[in-house]
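Asks:
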Amino acid sequence: MASDNLAGESRASQVQAACIAFFVLSPLFVGARIFARVKVRSWSGLSWDDGTLVVGWIFSIILSAMVMLSCASGFGKHIETVTDFNDTKDLSLILKYNYLAEIFYKLSINTTKASIILFYLRRFVTNWFKIACYVMLGVVLSFMVATTVGTIAQCTPIEKSWLAPGGSCIDIKAFWYANSGISILINVIMLALPFQPIHASSLPGGQKVALTIVFAIGAFTTITGVIRMQTFEWAGLDYTYNVDWLMWTVIETNLAILCGCVPVYRPLMAYIFPKQFATTSKIRPGDNRRNTLAVFSRSEVSLAPSARAKRMSRISIMPHRKPGGWDHDSEKGLDDLPLPAPPGIRDPNAPPRRSSMLRDAYVWLNTVI
């Protein structure tokens, strides 16, 4: 009777639900990211960070497929109902699928991290920050190679990983703990990197807070990594029934991809909701206005038009920009928008137009503020 009760228990649906959910969500997020890039700069807007994230997403799909096949083979049931002492065929098949899932987990999570670092390099311009990103990129790629090779060669011969007779294996649980601990440390460093450049930028306070929140979304990946690490203690007890570690593996991998897509969505939101996400209500990228901001005294405004234009060309300065801030060049942010001249100052070569001083002052103040 007890055996019959055990045979009816299965936790496979928990893992399958996570896989199916991300089978739906991940393509939507990745597709929206590609659309946002292409909408801003056509296909030339795509770069290495987009390509590596797509590769990481493909690895995550293979990971989820291996997990689904493992569940179809009996993963999620009690180990007593999966096999007995005379037949370990089903357990061997489950271990083989889980072995492949672990390999693609290492490839997917680290490729996604590399994509995020490449995104940093595309958006921030400070020299020290670029050097730090290149160092982190080297660490992530080296860690990916080391952990992938370590997972493949965790047993000698390799077939020992799915219960082949003979040979030996490393302490697999200790290897899991070491891999997760280093991965979480890398996540924390990557989360901390953008805060200083954002703080040093010339963006308004509200935009700084918004950017900080966007990049802090990656903390969810770190949290899932910590939760996954805590499930290792029970992974070896009734191995096929304790599915938590594999379920959180799927969640962590796909959540990293989703978080990696979010910072790219501002142009997409501006396209869907132009009023809510427009940088300014009066100036648009591509306007043919002078990219200058001049300061004039009352006496200088009374000068003849030609003298004012000459004076303007001498004292005009580029809009102030703190070094090492957020780089809007590829998305035409606030710092890159051309600003009109102050009211009363016009280019003498410009065609005549009917406009009151009051309207000119309103447009100028609304643009600068």
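Here the sequence shown stands for residues 3 to 371, numbered as in our numbering. All residues carry an ideal CB built from backbone N, CA and C; glycine is no exception.
1) Cα-Cα, which of Cys157, Val211 and Trp59 is closest to Leu27?
2) Cβ atoms of Gly78 and Arg13: under 7 Å apart, would you say?
3) Anyone know if the C-beta pair for Leu102 and Met138 falls short of 7 Å?
4) Hey, how far is the Cα of Ile105 from the Cα of Thr233?
5) Look at Asp240 and Ile22 and say whether their C-beta atoms are less than 7 Å apart.
6) According to DSSP, is Thr242 part of a helix, a strand, or is it coil?
7) Locate the alpha helix (DSSP H) running through Thr54, then write down its first and last residues.
8) For the region 140 to 155 and the region 182 to 191, state whether three or more C-beta atom pairs, one from each stretch, are separated by less than 8 Å.
9) Please report the Cβ distance between Phe31 and Thr113, rounded to the nearest whole angstrom; I am assuming they are in contact, meaning their Cβ atoms lie under 8 Å.
10) Quick check on the burial criterion: 16 or more other C-beta atoms within 10 angstroms. Buried or exposed for Ile111?
11) Of all the beta strand (DSSP E) runs that stay within the bounds of the region 193 to 241, which reach a length of 3 or more residues?
12) With C-beta atoms as the reference, is Val264 less than 7 Å away from Ile191?
13) Sort Ile118, Leu260, Ser15 and Asp92 by Cα distance to Asp51 and report the nearest one.
14) Return the chain-ordered list of same chain residues with a C-beta closer than 7 Å to the C-beta of Ile64, the five sequence neighbours on each side being excluded.
15) Exposed or buried, Val151, counting other C-beta atoms within 10 Å across all chains shown (16 or more means buried)?
16) So what does Ser12 bridge to, in DSSP terms?
17) Indicate the three-state DSSP secondary structure (helix, strand or coil) for Thr128 in the structure shown.
18) Measure the alpha-carbon distance for Ser163 versus Gly169 and round it to whole angstroms.
19) For Val40 versus Val245, is the C-beta spacing smaller than 7 Å?
20) My assumption, with CB atoms under 8 Å, is that Ala38 sits in contact with Val266. Please give the rounded CB distance.
21) Starting from the C-beta of His201, find all residues in its chain whose C-beta is less than 6 Å away, skip the five residues before and the five after it, and write them out in chain order.
22) For Thr214, count neighbouring C-beta atoms within 10 Å of its own C-beta (all shown protein chains included) and say buried if the count is 16 or more, exposed if not.
23) Taking Cβ to Cβ, would you say Pro373 is nearer than 7 Å to Phe126?
24) Which residues in the same chain have their Cβ closer than 6 Å to the Cβ of Val1, if we skip the five residues on either side of it in sequence?
25) 7 Å is my cut-off, CB to CB: does Val56 come that close to chain B?
26) Assign Gly208 to one of two classes, buried (16 or more other C-beta atoms within 10 Å of its C-beta) or exposed (fewer than that).
27) My understanding is that Pro196 touches Tyr122, with C-beta atoms under 8 Å, so please give their C-beta distance in whole angstroms.
28) Flag this pair as yes or no: are the beta carbons of Ile96 and Ser66 separated by less than 7 Å?
29) Taking the straight line between their C-alpha atoms, what separation do you get for Phe24 and Asn256?
Replies: In terms of the structure at hand:
1) Trp59
2) yes
3) Against a cut-off of 7 Å, the Cβ pair of Met138 and Leu102 comes out as no contact.
4) 18 Å
5) no
6) coil
7) Trp50 to Ala74
8) yes
9) Not quite, the Cβ-Cβ distance comes to about 16 Å (not below 8 Å), so this is no contact.
10) So Ile111 counts as buried.
11) none
12) Between Val264 and Ile191, the CB-CB gap reaches or exceeds 7 Å.
13) Ile118
14) Phe106
15) exposed
16) Per DSSP, Lys79.
17) Coil.
18) 10 Å
19) no
20) 5 Å
21) none
22) Exposed is the call here.
23) Within the shown structure, residues of the chain are numbered from 3 to 371, placing residue 373 beyond reach of any answer.
24) For residue 1 there is no data in the structure shown, the boundaries of the chain being 3 and 371.
25) Absence of chain B from the displayed structure is noted, only one protein chain being present.
26) exposed
27) 6 Å
28) no
29) Cα-Cα distance, rounded: 7 Å.
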